[in-house]
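Numbering (the numbering used here), first residue to last: 18 to 192.
Here it is as C-alpha cells:
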C-alpha cells in the first residue's frame, strides 16, 4: 500500500510493493536522501563527494518558501528512502500558466520494477494539480525503453519535441 503524506494529497494504492510511503521530505531526511543522491550520481557515472550530496539533500529537504522553489517527494520503505522525484516550476507554460517539470526521478537499484517509480510519478501528478499547476512535463532518453514503458503505464503521452542542451563545454567549444 502506498500512502502519501505530502500536502493536499490523498492516499493512493498504486504500488506492486507493499508499504511504500510517498511524502515530502523534512530536514531529518537529509542523511537518507544524501545516500540515495550519492547512489544516483554513481549510477549515472558522475560520482560526487559526500558533502556535495549532503548539500543537495539539504536543499531538497527544505520547506517550500517561495513560488519557484523545487518540489520534492520521496518514497520510504521500512524507514529507508528508496526513491525521489524532484520537480521544478516552469513559467511560462502554455497559456501563461505555471507547470511542474520532473527534473529527476531516481529509485534505488535494489527496488526497481516494484512500482516505486510509478508511485512517485502518480504522486507528483496529484501534487501538481492539488497545488494549482497546469501540467506535469518531463523528458527521458529516447533509448531508455524501461523508463518510457513505465511512464506510459502511468498514462503519460509522448509529445513530439526535440530537446536541446547548451552545456558549458559546448559553449566553450563554440568559439
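Ideal Cβ placement from N, Cα and C applies to all residues, glycine included.
Q) Buried or exposed: which applies to residue 96, given that a residue is buried once 16 or more other Cβ atoms fall within 10 Å of its Cβ? A) Counted from its first residue, the chain shown places residue 96 at position 79. Flag for residue 96 reads exposed.
Q. Are there 16 or more other CB atoms within 10 angstroms of the CB of residue 60, so buried, or fewer, so exposed?
A. Walking along the chain shown from the start, residue 60 turns up at place 43. Exposed: under 16 other Cβ atoms inside 10 Å.
Q: Note the first and the last residue of the continuous alpha helix (DSSP H) segment covering residue 165.
A: Residue numbering aside, residue 165 sits at position 148 when the chain shown is read from its first letter. It spans 162 to 170 - the alpha helix (DSSP H) in which residue 165 sits, taken as one unbroken run.
(Q) So, at 8 Å on beta carbons, what are the nonlocal neighbours of residue 112 in its own chain, with the 5 sequence-adjacent residues on each side left out? (A) What you label residue 112 is simply residue 95 of the chain shown in a count that begins at 1. Hits under 8 Å: 151.
Q: Could you please give me the residues that DSSP links to residue 105 through a beta bridge?
A: Counted from its first residue, the chain shown places residue 105 at position 88. Bridge partners of residue 105: 118.
Q. Span of the beta strand (DSSP E) holding residue 89?
A. Residue 89 sits at position 72 when you count from the first residue of the chain shown. Looking at the DSSP string, the run of the beta strand (DSSP E) that includes residue 89 is 88 to 94.
**Q.** Distance, residue 187 Cα to residue 167 Cα
**A.** Locating residue 167 in the chain shown gives position 150, where the first residue counts as 1. Locating residue 187 in the chain shown gives position 170, where the first residue counts as 1. Rounded to the nearest angstrom, the two C-alpha atoms are 32 Å apart.
Q. Comparing alpha-carbon positions, which option in 67, 58, 164, 98 lies nearest residue 43?
A. Indexing the chain shown from 1 puts residue 43 at position 26. When only C-alpha atoms are compared, the closest one is 98.
Q: Specify the secondary structure class of residue 25 as computed by DSSP and reduced to three states.
A: Working through the chain shown from its first residue, we reach residue 25 at position 8. Its pLDDT being 33, under 50, residue 25 is placed unreliably by the model, and the measurement read from it follows with that caveat. Residue 25: coil per DSSP, three-state reduction.
Q. Taking just the CA atoms, how far does residue 51 sit from residue 129?
A. The residue given as residue 129 occupies position 112 in the chain shown. The residue given as residue 51 occupies position 34 in the chain shown. Cα to Cα, residue 129 sits roughly 19 Å from residue 51.
Q: Helix, strand or coil for residue 36, going by three-state DSSP, please let me know.
A: Counted from its first residue, the chain shown places residue 36 at position 19. In the structure shown, residue 36 sits in coil (DSSP, three-state: anything other than H, G, I, E or B).
**Q.** Among 82, 127, 136, the one whose alpha carbon lies nearest that of residue 40
**A.** Numbered from 1 along the chain shown, position 23 holds the residue referred to as residue 40. The candidate whose alpha carbon is nearest that of residue 40 is 136.
Q | Rounded Cβ spacing between residue 47 and residue 100 (contact assumed at less than 8 Å) | A | Within the chain shown, residue 47 is the residue found at index 30, counting from 1. Within the chain shown, residue 100 is the residue found at index 83, counting from 1. That pair is no contact at about 16 Å.
Q. Is residue 118 closer than 9 Å to residue 153 when the C-beta atoms are compared?
A. The count along the chain shown starts at 1 and reaches residue 153 at position 136. The count along the chain shown starts at 1 and reaches residue 118 at position 101. Closer than 9 Å, so yes.
**Q.** Inter-residue spacing [alpha-carbon to alpha-carbon] between residue 205 and residue 184
**A.** This structure gives no information on residue 205, because the portion of the chain shown stretches from 18 to 192.
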